[in-house]
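Visitor: Below is the structure I would like to discuss, written out as structure tokens.
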Amino acid sequence: MQAMRLLPLALFLSLALAARFAAFSVEPAGPQRVNLDTGVTTLPQGGVLVDNENGLRLRAGYIEYKEGTFIRARALELLSAKETFRAQSLDYDIPKQEARFGALVFANADFKGLGAERALALFAEDIVVLKGKVRADSPRLEAETLVADLKAREALVLGRFTYQEGKATLRGQGPSARLYLRFVGGKVQASTKLPQEASRLAAYASRLP
């Protein structure tokens, strides 16, 4: 009777572990080093991690991770369904679905070649915060801070900025300068007159020191 009771338990544990592994697949480019005390796995030559649950695919030259807890990577490309993140460094908090990047270049349907010294992606909220020498090829922009709502397709620039559209140029001077961008039908609507929802975007800027 004891053996019969143990069999369903063993089967349940086996299925649970299989399901957990299926949500986080690993393709190492070289050796894997596992620290049994901490549960941290290191891929010194990098590889590919696929987070099936959140629809993310990471390729990097160096990866360190603990399943269900964090991922750290260097010289990386992180792909979601609609965005591309290329950066020198990544620190991804899996439970919070928050990723911090160093030297990021970002692209999606609205932004091309959007780069910054550091950035924070809040995947659960579809928000990206960029700070430090923010530049974009399209739309043509230089700024100190930018907060983008990827789902709503709007962005707020905070602090000094230069925005160019055709022959027109908008400039903002000082920390109080603001520029609101909205992406509609493949075009950008830019305004220094802020709508009410801009205050919601501004609140995210403090999430990235």
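The sequence shown runs -18 to -1, 1 to 191 under mature numbering (1 follows the signal peptide of the UniProt record, and there is no 0).
Cβ atoms here follow ideal geometry from the backbone N, Cα and C, with glycine treated the same way.
(1) For K113, count the other beta carbons within 10 Å of its own beta carbon; 16 or more makes it buried, fewer makes it exposed. Which is it?
(2) Residues in its own chain within less than 6 Å of L60 by CB, not counting five upstream and five downstream?
(3) In angstroms, rounded to a whole number, what distance separates the CA positions of L123 and Q155?
(4) Hey, would you say L152 sits closer than 8 Å to A184, going by beta carbons?
(5) When the Cα of L72 is compared with those of P191, G84 and Q178, which residue comes out closest?
(6) Can you tell which of G21, I45, L18 and L132 has its C-alpha closest to the C-alpha of A31?
(7) So D119 packs on G148, CB below 8 Å; how close in whole Å?
(8) Leaving out the 5 sequence neighbours to the left and right, which residues in its chain are closer than 6 Å to Q27 when beta-carbon positions are compared?
(9) Taking buried to mean at least 16 other C-beta atoms within 10 Å of its own C-beta, is A55 buried or exposed?
(10) Taking all protein chains shown into account, do 16 or more other C-beta atoms lie within 10 angstroms of the C-beta of R189, making it buried, or fewer, making it exposed?
(11) Taking all protein chains shown into account, do 16 or more other C-beta atoms lie within 10 angstroms of the C-beta of E9, making it buried, or fewer, making it exposed?
(12) Going along the chain, which residues of its own chain have a beta-carbon closer than 7 Å to the beta-carbon of S173, five neighbours each way excluded?
(13) When we look at the beta-carbon of D75 and count the other beta-carbons within 10 Å, is it buried (16 or more) or exposed?
(14) Could you check the C-alpha separation between S181 and A81 for me, to the nearest Å?
(15) Indicate whether R160 and L140 have their beta-carbon atoms separated by less than 8 Å.
(16) Among residues of its own chain, excluding the 5 on either side of A4, which ones have a beta-carbon nearer than 7 Å to its beta-carbon?
(17) Reducing DSSP to helix, strand and coil, say where A106 ends up.
(18) Run the CB neighbour count on G97, radius 10 Å, all protein chains shown included, and call it buried at 16 or more, exposed below.
(19) My output table needs one value for R189: the three-state DSSP class, helix, strand or coil.
(20) Given a cut-off of 8 Å on the beta-carbon distance, is the pair I109 and V129 in contact?
Guide: So, from the listed chains and residues:
(1) As a position in the sequence shown, residue 113 is number 131, starting the count at 1. By the 10 Å Cβ count, K113 comes out buried.
(2) Here residue 60 is taken as the residue at index 78 of the sequence shown, counted from 1. Excluding residues within five positions, the ones whose Cβ falls inside 6 Å are L40 and F67.
(3) Start at 1 with the first residue of the sequence shown, and residue 123 comes out as number 141. Start at 1 with the first residue of the sequence shown, and residue 155 comes out as number 173. When rounded, the distance between both Cα atoms is 14 Å.
(4) As a first step, residue 152 is located in the sequence shown; it is residue number 170 there, counting from the start. As a first step, residue 184 is located in the sequence shown; it is residue number 202 there, counting from the start. Result no, Cβ atoms of L152 and A184 do not sit closer than 8 Å.
(5) Residue numbering aside, residue 72 sits at position 90 when the sequence shown is read from its first letter. Closest by alpha carbon: G84.
(6) On the sequence shown, residue 31 is found 49 positions in, with the first residue counted as 1. The amino acid at residue 31 is misidentified as Ala; the sequence shows Leu. The shortest C-alpha separation from L31 is found at I45.
(7) Position 137 of the sequence shown holds residue 119. Position 166 of the sequence shown holds residue 148. The Cβ separation is near 15 Å, so there is no contact.
(8) By 1-based counting over the sequence shown, the position of residue 27 is 45. Taken in chain order, the residues that qualify are A11 and G12.
(9) In the sequence shown, counting from the first residue as 1, residue 55 sits at position 73. The residue in question, A55, is buried, as its Cβ has 16 or more Cβ neighbours within 10 Å.
(10) Residue numbering aside, residue 189 sits at position 207 when the sequence shown is read from its first letter. Its Cβ having fewer than 16 others within 10 Å, R189 is exposed.
(11) For the purposes of this step, residue 9 is identified with residue 27 of the sequence shown, where counting begins at 1. Label assigned to E9: exposed.
(12) As a working mapping, residue 173 is identified with position 191 in the sequence shown. Cβ neighbours of S173 beyond the five flanking positions: Y162.
(13) Here residue 75 refers to the residue found at position 93 of the sequence shown. D75 should be labelled exposed.
(14) The residue you call residue 181 lines up with position 199 of the sequence shown. The residue you call residue 81 lines up with position 99 of the sequence shown. Rounded to the nearest angstrom, the two C-alpha atoms are 23 Å apart.
(15) Translated into the one-based positions of the sequence shown, residue 160 becomes position 178. Translated into the one-based positions of the sequence shown, residue 140 becomes position 158. Taking 8 Å as the Cβ cut-off, R160 and L140 qualify as a contacting pair.
(16) For this step, residue 4 is matched to residue 22 along the sequence shown. Caution applies to A4, whose pLDDT of 38 falls short of 50 and renders its modelled position unreliable; the value that the coordinates give is listed next. Contacts found: N34.
(17) Residue numbering aside, residue 106 sits at position 124 when the sequence shown is read from its first letter. Three-state result, A106: coil.
(18) To locate residue 97, count along the sequence shown from 1; it is residue 115. Answer is buried; the Cβ neighbour count reaches 16.
(19) Position 207 of the sequence shown, counted from the first residue, corresponds to residue 189. The answer is helix: DSSP assigns R189 an H, G or I state.
(20) Within the sequence shown, residue 109 is the residue found at index 127, counting from 1. Within the sequence shown, residue 129 is the residue found at index 147, counting from 1. Yes, these two residues count as a Cβ contact at 8 Å.
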